[in-house]
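Those protein sequences? They're chains C and H, same order as listed. For the first sequence, my numbering assigns the number 1 to the initial residue and increments by one for each residue that follows. For the second sequence, my numbering assigns the number 256 to the initial residue and increments by one for each residue that follows. Worksheet for the structure shown next.
Protein chains: 2
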Amino acid sequence: MCQLLGMNCNVPTDIVFSFTGFAHRGGRTDTHHDGWGIAFFEGRGVRHFVDHQAAIASPIAELIKRYPIKSTNVIAHIRKATQGSIALENCHPFVRELWGRYWVFAHNGDLKEFAPQLSGPFRPVGTTDSELAFCWLMQNLHAQFGDVAPALPALRAALERLVPQVAAHGTFNMMLSDGTALFTHCSTKLSYIVRQYPFAAAHLADEDLSVDFSEVTTPNDRVAIIVTEPLTKNETWIPFAPGELKLFVDGMPQS
Amino acid sequence: MCQLLGMNCNVPTDIVFSFTGFAHRGGRTDTHHDGWGIAFFEGRGVRHFVDHQAAIASPIAELIKRYPIKSTNVIAHIRKATQGSIALENCHPFVRELWGRYWVFAHNGDLKEFAPQLSGPFRPVGTTDSELAFCWLMQNLHAQFGDVAPALPALRAALERLVPQVAAHGTFNMMLSDGTALFTHCSTKLSYIVRQYPFAAAHLADEDLSVDFSEVTTPNDRVAIIVTEPLTKNETWIPFAPGELKLFVDGMPQS
């Protein structure tokens, strides 16, 4: 099983604090050492970093811990290979373009007997069940809406119909974003927290590091962090229910 | 106008030496300070770095100069904006997936009255003429060959038909790779060199840096470097003819 980390905010925010704790699970405080990756939206653009080294040994992970890239939507993943060899093309997150937007996807879990027929141009490059599921989702969204991007409620309804069809094949904790919203689905394990005014201090569970968010934020900032295992010890994380698909916009879960 | 750098090799090779000279043109020895990017194939996977800071000011460029990522196909670009604002989504190289392979594309030049109708899923995310041309090429390759990748000679013949249709609109120096071969097209300015046994020393034109390739290679290595302006002073670079489309495989131009 892998681990997922997502961030969705109302203003561009850096993920250095959360990524620092998360990256330690890539080979130090946990056994997820078969690669890692992170994608940051900046406007419509994406910075995409993948590495098939363990996150704790990766010079690129080291750079990201030091270099505060600001983003409103981030998806990160550390990998423990279940399907697909340890290779760069099997590292999450995966990126595709649809409707003139980049889409970023990462998955934690394992799918059994999931072998849909793919038609059209969304094809896996690597050999993971995860990338296959992502291509299948993209293909079906494109088939349903054609060449014009739907409004968010229609997109959400489509994913509420499609995602359970994948999840029926096993464990499908996943994150998907086009840079305007973050879709998350929980099969077994996912928690989130919304940090907003009044901000307090947080202490990482995986490393002896604290940050006082009141010193680095404005009263208008709102940041949702979604993760496989809570990252801090002194905050209250809200667990997802199994089967729950949750949409985050501007740092808030949408009801 | 921008500048392009490509590498095609028969064994995975690092591009630290060439990229070091090239990156200096991103704001120091030349005026290309509107962003930069580089993509490395590793097997079927791609490491893709883009930044809308000048290459000389970018911590990510600094990392790449120090961290020897080994690859058989690399495309790099430094940008001087002509069309499209200075934004991450307008930085080359661009990446799309077709036939279960990532395709990487970068362009130097300026296209006039190039506004083809796009149908299907290859759409620009940013606002450059370059990304539009890339999407048009992908769309036409997909239309011609359907869902099955053609053999290299058929792909080359298709590009020999398609590329001049873009180049008719202005300057279209470009590089395109799927990780197995590197296609290059010259409208106005492109040169290449093939480094192979017996290797000699090379001295960068843009910085006081030399490398003796005989110390870091084996007799079987072969590396083609393709660039807008020759990178070294003491080697003989071969200029492309205007309108020439050249295909590199395993470090050699294919006749």
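All C-beta atoms in this analysis are idealised placements derived from N, C-alpha and C, irrespective of residue type, glycine included.
- request: Report the rounded CA-to-CA distance for residue 260 of chain H versus residue 471 of chain H, giving the unit in angstroms.
  value: Along the second sequence, one-based indexing puts residue 260 of chain H at 5. Along the second sequence, one-based indexing puts residue 471 of chain H at 216. Cα-Cα distance, rounded: 21 Å.
message: Short of 8 Å Cβ to Cβ, which residues in the region 85 to 105 of chain C face chain H?
response: So the list reads 87, 88, 89, 90, 91, 95, 96, 97, 98, 99, 100, 101, 102, given in the order they occur along the chain.
Residue range of the beta strand (DSSP E) that includes residue 129 of chain C: Within the first sequence, numbered from 1, the residue matching residue 129 of chain C stands at position 129. DSSP places residue 129 of chain C outside any beta strand (DSSP E); the residue lies instead in the alpha helix (DSSP H), whose first and last residues are 129 to 145.
- request: Starting from the Cα of residue 226 of chain C, find the closest Cα among C/209, C/183, C/150 and give me that residue.
  value: Indexing the first sequence from 1 puts residue 226 of chain C at position 226. Residue 226 of chain C has its Cα closest to that of C/183, out of C/209, C/183, C/150.
Distance between residue 420 of chain H and residue 59 of chain C (C-alpha atoms, nearest Å): Residue numbering aside, residue 59 of chain C sits at position 59 when the first sequence is read from its first letter. Residue numbering aside, residue 420 of chain H sits at position 165 when the second sequence is read from its first letter. Cα to Cα, residue 59 of chain C sits roughly 43 Å from residue 420 of chain H.
query: How would you list, in chain order, the residues of chain C whose beta-carbon sits under 8 Å from the beta-carbon of residue 318 of chain H?
result: The residue you call residue 318 of chain H lines up with position 63 of the second sequence. When 8 Å is used as the limit between beta carbons, residue 318 of chain H is near these residues of chain C: 59, 60, 63, in chain order.
- prompt: Are three or more beta carbon pairs between the region 259 to 274 of chain H and the region 320 to 327 of chain H nearer than 8 Å?
  reply: Segments in contact, yes.
message: Does the region 346 to 361 of chain H come into contact with the region 390 to 400 of chain H, if we say contact requires no fewer than three beta-carbon pairs (one atom in each stretch) closer than 8 Å?
response: Yes, the region 346 to 361 of chain H touches the region 390 to 400 of chain H.
- prompt: Within 8 Å (strictly less), CB to CB, does residue 511 of chain H reach chain C?
  reply: Look at the range of chain H in this structure, 256 to 510, and you will see that residue 511 of chain H is not part of it.
query: Exposed or buried, residue 344 of chain H, counting other C-beta atoms within 10 Å across all chains shown (16 or more means buried)?
result: In the second sequence, the residue the question calls residue 344 of chain H occupies position 89. For residue 344 of chain H, the number of other beta carbons within 10 angstroms of its own is at least 16, and it is reported as buried.
query: Which of the residues in the region 114 to 131 of chain C, read from start to end, lie with their CB under 8 Å from any CB of chain H?
result: Of all residues in the region 114 to 131 of chain C, 119, 120, 121, 122, 123, 124, 125, 126 have a Cβ within less than 8 Å of some Cβ in chain H.
task: Decide if residue 153 of chain C is buried, meaning its Cβ has at least 16 other Cβ atoms within 10 Å, or exposed.
output: As a working mapping, residue 153 of chain C is identified with position 153 in the first sequence. Classification of residue 153 of chain C: exposed, given that the 10 Å Cβ count is below 16.
task: Could you spell out where the alpha helix (DSSP H) holding residue 23 of chain C opens and where it closes?
output: As a position in the first sequence, residue 23 of chain C is number 23, starting the count at 1. Counting along the chain, the alpha helix (DSSP H) containing residue 23 of chain C begins and ends at 16 to 24.
query: Given a threshold of 16 other Cβ atoms within 10 Å of its Cβ, counted over all protein chains shown, does residue 367 of chain H qualify as buried or as exposed?
result: Residue numbering aside, residue 367 of chain H sits at position 112 when the second sequence is read from its first letter. So residue 367 of chain H ends up on the exposed side.
- prompt: Nearest CA to the CA of residue 188 of chain C: which residue from C/254, C/130, C/229?
  reply: For the purposes of this step, residue 188 of chain C is taken as the residue at position 188 of the first sequence. Considering only C/254, C/130, C/229, the residue with the shortest C-alpha distance to residue 188 of chain C is C/229.
field: Secondary structure of residue 213 of chain C, DSSP reduced to three states
entry: Locating residue 213 of chain C in the first sequence gives position 213, counting from the first residue. The DSSP-derived three-state label of residue 213 of chain C is helix.
field: Alpha-carbon to alpha-carbon, residue 374 of chain H and residue 292 of chain H
entry: As a working note, residue 292 of chain H is residue 37 in the second sequence. As a working note, residue 374 of chain H is residue 119 in the second sequence. For residue 292 of chain H and residue 374 of chain H, the distance between alpha carbons rounds to 27 Å.
- request: Could you spell out where the alpha helix (DSSP H) holding residue 321 of chain H opens and where it closes?
  value: As a position in the second sequence, residue 321 of chain H is number 66, starting the count at 1. Following the DSSP letters along the chain, one finds residue 321 of chain H inside the alpha helix (DSSP H) bounded by residues 314 to 321.
task: Entirely within the region 137 to 198 of chain C and at least 4 residues each: give me those alpha helix (DSSP H) ranges in chain order.
output: Secondary structure in the region 137 to 198 of chain C: the alpha helix (DSSP H) runs of 4 residues or longer, each lying completely within the stretch, are 152 to 167 in chain order.
- prompt: If you follow the beta strand (DSSP E) that residue 201 of chain C is part of, which residue opens it and which one closes it?
  reply: Here residue 201 of chain C corresponds to residue number 201 of the first sequence, with the count starting at 1. Counting along the chain, the beta strand (DSSP E) containing residue 201 of chain C begins and ends at 201 to 203.
query: If we count the other Cβ atoms within 10 Å of its Cβ and call it buried at 16 or more, is residue 475 of chain H buried or exposed?
result: Sequence index remark: in the second sequence, residue 475 of chain H carries index 220 (1-based). Residue 475 of chain H comes out exposed.
message: With a threshold of 8 Å between beta-carbons, can residue 48 of chain C be considered close to chain H, or not?
response: Taking the first sequence and counting its residues from 1, the one referred to as residue 48 of chain C is at position 48. Yes - at least one Cβ of chain H is within 8 Å of the one on residue 48 of chain C.
query: Could you give the residue range of the beta strand (DSSP E) that holds residue 103 of chain C?
result: Here the question's residue 103 of chain C lines up with position 103 in the first sequence. In the DSSP assignment, residue 103 of chain C falls within the unbroken beta strand (DSSP E) covering 101 to 108.
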